[in-house]
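Some notes on the structure that comes next.
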Amino acid sequence: MSLATKKKQSSIFKKNLQGYLIPLIISSLIFTGVTIVFTRGIVENQVLKGFEQTLEANLQVAANEIEREYIEEAEKGNQEAYQKLLSQLNDLKAQTNVENVYVLGKAGDDGHIIALSETEENGSEYPFTEEMNRALAGEKLFSEIYEDEFGTHKSIFVHVDGTQAILGIDMDASFIKELYAQIIYVLVGLILIVLLLGSLIAYWMSKRISKPIVALAKYVEPLAEGDFTSETLKVTSNDEIGALTANVNKMVTQLKDLIGEVSINSEQVAATSQQLYSSTEQTSSSIMMINDSIQEVASGTNEQTNAIEEISGAVEKIAHHLEDMTGKIKEVTNAATGTAEISEEGSNVVGKAIKQMQIINTNVSESADVIKYLHESSNQINEIVTLITNIAGQTNLLALNASIEAARAGEHGKGFSVVAEEVRKLAEESASAANQISEKIVFIQDQSIKAVETMSKGYEAVQTGIMTVDEAGSSFENIRKSVHIVANQISAMEEKVVEMNESGSKIATSLDNLSESSSEFSGHAQNVSAASEEQTAVMEEMVSATNTLSQMAESLQTIVNKFKL
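So the sequence shown is numbered by the UniProt record's numbering: it starts at 1 and just counts up by one.
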C-alpha cells in the first residue's frame with residue numbers, strides 16, 4: 001500500500017469517526033447538563049422541602065416542651081433553672097435525633113448563649129446572624145445549608161414569646177451534598193458508558209465505510225503503473241461506494257479498449273503524416289481568420305453579459321416591488337371585504353329601523369284616532385251633562401213649587417213638603433255633580449286637543465324620520481355595492497399582480513440562466529480565441545512537426561506496448 005493510500009485511508013476513517021463522535025459528545029454533555037439541572041430541582045423541591053418539614057416539626061416539639069420560665073430565670077443567672085432548661089434541651093436532642101438544640105439571647109447588639117445541649121456554655125458570646133435577628137423580630141426562619149469545622153448543617157429559628165430569646169435547632173445536612181455527589185457520579189458513569197459504546201459503534205461504522213474505499217484504492221494502484229491485467233472489483237453494495245466501484249470497472253474496461261485502438265491507430269498515423277503536411281498551410285490561414293472572428297464575438301458577448309446583468313437587477317427590483325404590492329393589495333382587499341360586511345350590516349340595521357319607524361307611524365296614527373274619538377265622546381258627554389243640568393234646574397223649580405203648594409195645603413201637605421224638599425236637595429246635588437263633570441270634561445277636551453296637536457307633530461316627525469332612514473338605507477346599499485365592486489376589482493388586480501410577480505420571477509430566473517450562459521459563452525469564446533492564437537502558432541510549427549510525426553508514431557507504438565492488457 002502506497003503512502004498516499006495510507007493517508008487517504010487514515011483521513012476517511014478519522015473524518016467518519018469524528019462525524020459520529022462529535023455529535024455524540026455534544027449530546028452527552030447537553031443531556032448531562034439538563035439532567036443535573038432537573039435533578040437539582042427535584043432535590044430542592046422534594047428532599048430539601050421534606051428536610052425543612054422535619055426541622056419545623058422538631059422545632060414545634062421543642063417549643064411545646066420547653067418552659068419559658070426556665071429561659072427567663074436562666075437568663076437572669078439562676079443555675080437551677082439553667083440546669084432544668086439544659087436537661088430539657090438534652091432530652092429533646094436525644095428524642096428528635098438532631099445535632100444541637102439551643103436557646104440564644106440578645107441584650108442590645110450583643111448575642112449570647114443561654115443554653116446549648118450537651119455543653120456548659122451559659123453566657124458565652126454568640127454573634128447573631130441576619131436570620132437570627134429576623135427570627136427575634138417574630139419570623140420563623142430557615143438558614144441556608146452551611147459548613148463549619150463540625151460538618152454541614154441547616155438550622156431553624158423561632159422567637160420565644162415574652163422574651164428576648166430565640167429557640168434554634170441544627171440538623172446534619174451532609175446527606176444532601178452526598179446525594180448531589182452520588183447523582184454526579186452516576187451521571188458521569190452513564191456518560192462514560194455511553195461514550196465508550198458510542199465510540200465502539202462509531203469505530204465499527206467508520207471501519208465499515210472506509211474498507212471498500214481502501215479496497216478501491218488498492219485496485220487503482222497497479223492501473224496507475226499501466227497494469228490492466230487485474231480482475232475487476234466485485235460490487236458488494238448498492239450505495240454510492242458500490243456505484244463508484246461499478247464506474248471504476250467501467251472506466252478500466254473502456255481504457256483497455258481505448259489503448260487497443262490507440263495501438264492500431266498509431267500505425268496509421270505514420271501513413272497520414274504526409275497528407276497532413278499539405279493541409280497544414282491551408283489550416284493555418286483559416287485559423288487566423290477564425291481567431292479574428294472569435295475575438296469580435298468575445299467582445300460582443302462581454303457587452304451582452306453586462307447588459308443582461310443590469311436587466312436582471314432591474315427585474316429583481318421589479319419582483320420585490322410586485323411582492324410588496326401584492327401584500328398591500330391583500331391588505332386593501334381584506335379592508336374592502338370588512339367594509340362591505342360592515343356596510344351590509346348597516347343596511348340591515350337601517351332596514352330594521354325603517355320597519356320600526358313604520359310600526360311607530362302606525363301606532364301614532366292609531367293613537368291620534370283614539371284621541372280624536374275621545375274628544376268627540378267628551379263633547380257628547382258634555383251635551384248630556386248640560387241636559388242633566390237643565391233637568392236638575394227644572395226639578396229644583398218643580399220641588400220649590402211643590403213646597404209652596406204643600407205649605408198652602410197645611411197639615412195635609414206636610415208629607416208632600418218633605419218629599420219635595422228631598423227632591424230639591426237631590427236636584428241641587430245633581431246640578432253640582434253635573435257642574436263638576438262639565439269642568440272635568442272641559443279639562444279633558446283641552447288636553448285631548450293638545451294631545452291631538454302633539455300627535456300630529458309626532459306623526460310629521462315620524463314621517464321625516466322614515467324618509468331620513470330610507471335615504472340612509474339607500475346610501476348604505478350604494479356603499480355596499482360600491483365596496484363589492486372595488487373588492488372585485490382589487491381581487492382581479494391582485495391576481496394580475498400575482499401573475500406579473502410569477503412572470504417576473506420566471507424572467508429573473510431566465511435572465512440569470514442567460515447571464516450564466518452568456519458568461520460561460522464569453523469565457524469559452526475567450527478560451528477559444530486564446531486557443532486559436534496558440535493553434536496559429538502550432539500550425540506554423542506543424543510544418544516542421546509533420547516531418548517528425550512518423551518518429552512520434554513509432555514512439556507511441558513503443559509506449560502502448562508497455563500496457564499489459
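From the three backbone atoms N, C-alpha and C, an ideal C-beta is built for every residue, glycine too.
Exercise. Within this structure, are the beta carbons of Thr232 and Asn247 separated by less than 8 Å?
Worked result: At least 8 Å separates the beta-carbon of Thr232 from that of Asn247.
Exercise. Apart from the five residues just before and just after Ser124, which ones in its own chain have a Cβ nearer than 7 Å to its Cβ?
Worked result: His112, Ile113
Problem set entry | Buried versus exposed call for Asp170 [16 or more other C-beta atoms within 10 Å across all chains shown] | Asp170 comes out buried.
For this session: Please report how far the alpha carbon of Glu56 lies from the alpha carbon of Gln95, in whole angstroms.
Result: 15 Å
Exercise. Relative to the alpha-carbon of Asn488, which residue among Lys330, Glu80, Asp109 has its alpha-carbon at the smallest distance?
Worked result: Lys330
Problem set entry | Contact the segment 201-215 vs the segment 19-28: 3+ CB pairs below 8 Å | yes
Problem set entry | Simplified DSSP assignment, three categories, for Lys140 | coil
For this session: Note down the Cα distance separating Leu89 from Tyr180, rounded to an integer number of angstroms.
Result: A straight-line Cα-Cα distance of about 32 Å links Leu89 and Tyr180.
Problem set entry | Among Leu92, Ile485, Val194, nearest to Ile26 - alpha-carbon criterion | Closest by C-alpha distance to Ile26, out of Leu92, Ile485, Val194, is Val194.
For this session: Kindly identify the DSSP beta-bridge partner or partners of Lys84.
Result: As computed with DSSP, Lys84 is found in no beta bridge at all.
Exercise. Pick from Val158, Asp172, His159, Gly162: whose alpha carbon is nearest that of Gly151?
Worked result: Gly151 has its Cα closest to that of Asp172, out of Val158, Asp172, His159, Gly162.
For this session: Please go through the same chain and pick out, in chain order, the residues whose beta-carbon is closer than 7 Å to the beta-carbon of Ala115, but skip the five residues on each side of it.
Result: Correct list, in chain order: Ala74, Tyr82, Leu85, Leu86, Leu89, Tyr102, Val103, Asn122.
For this session: Name the two residues that bound the continuous alpha helix (DSSP H) containing Leu48.
Result: In the DSSP assignment, Leu48 falls within the unbroken alpha helix (DSSP H) covering 48-65.
For this session: Pull up the DSSP beta-bridge partners for Asp170, would you.
Result: Asn100, Ser155
Problem set entry | Cutoff 8 Å: Met251 Cβ touching any chain C Cβ | Looking for chain C here will not work: only one protein chain is present.
For this session: Thinking Ile71 and Thr163 are a contact (beta carbons under 8 Å), I'd like their distance in whole angstroms, please.
Result: 6 Å
Exercise. Just how far apart, CA to CA, sit Asn348 and Ala492?
Worked result: Spanning the two alpha carbons is a distance of roughly 28 Å.
Exercise. Where does Lys218 sit, in a helix, a strand or coil, going by DSSP?
Worked result: helix
Exercise. Three-state secondary structure (DSSP) at Asp227?
Worked result: strand
Problem set entry | Inter-residue Cα distance where the pair is Lys177 and Ile184 | Annotation: Lys177 to Ile184 spans about 11 Å, alpha carbon to alpha carbon.
For this session: Using alpha carbons as the reference points, say which of Ile12, Ile264, Ala217, Pro212 lies closest to Ile241.
Result: Pro212
Problem set entry | The beta strand (DSSP E) enclosing Tyr70, as first and last residue numbers | No beta strand (DSSP E) contains Tyr70, which is instead part of the alpha helix (DSSP H) from 68-76.
Exercise. So, is residue 646 buried or exposed, given that buried needs 16 or more other C-beta atoms within 10 angstroms?
Worked result: Residue 646 cannot be examined here, being either before or after the span of the chain that is shown, 1 to 565.
Exercise. When the Cα atoms are used, what is the spatial distance from Ile209 to Gly50?
Worked result: 55 Å
Exercise. Tyr146 by DSSP, collapsed to three states: which one?
Worked result: Three-state result, Tyr146: strand.
Exercise. Got a sec? Which residues, its chain only, sit under 8 Å from Glu499 by beta carbon, not counting five neighbours each side?
Worked result: none
Exercise. Do you know how far the Cα of Val214 is from the Cα of Glu261?
Worked result: Cα to Cα, Glu261 sits roughly 31 Å from Val214.
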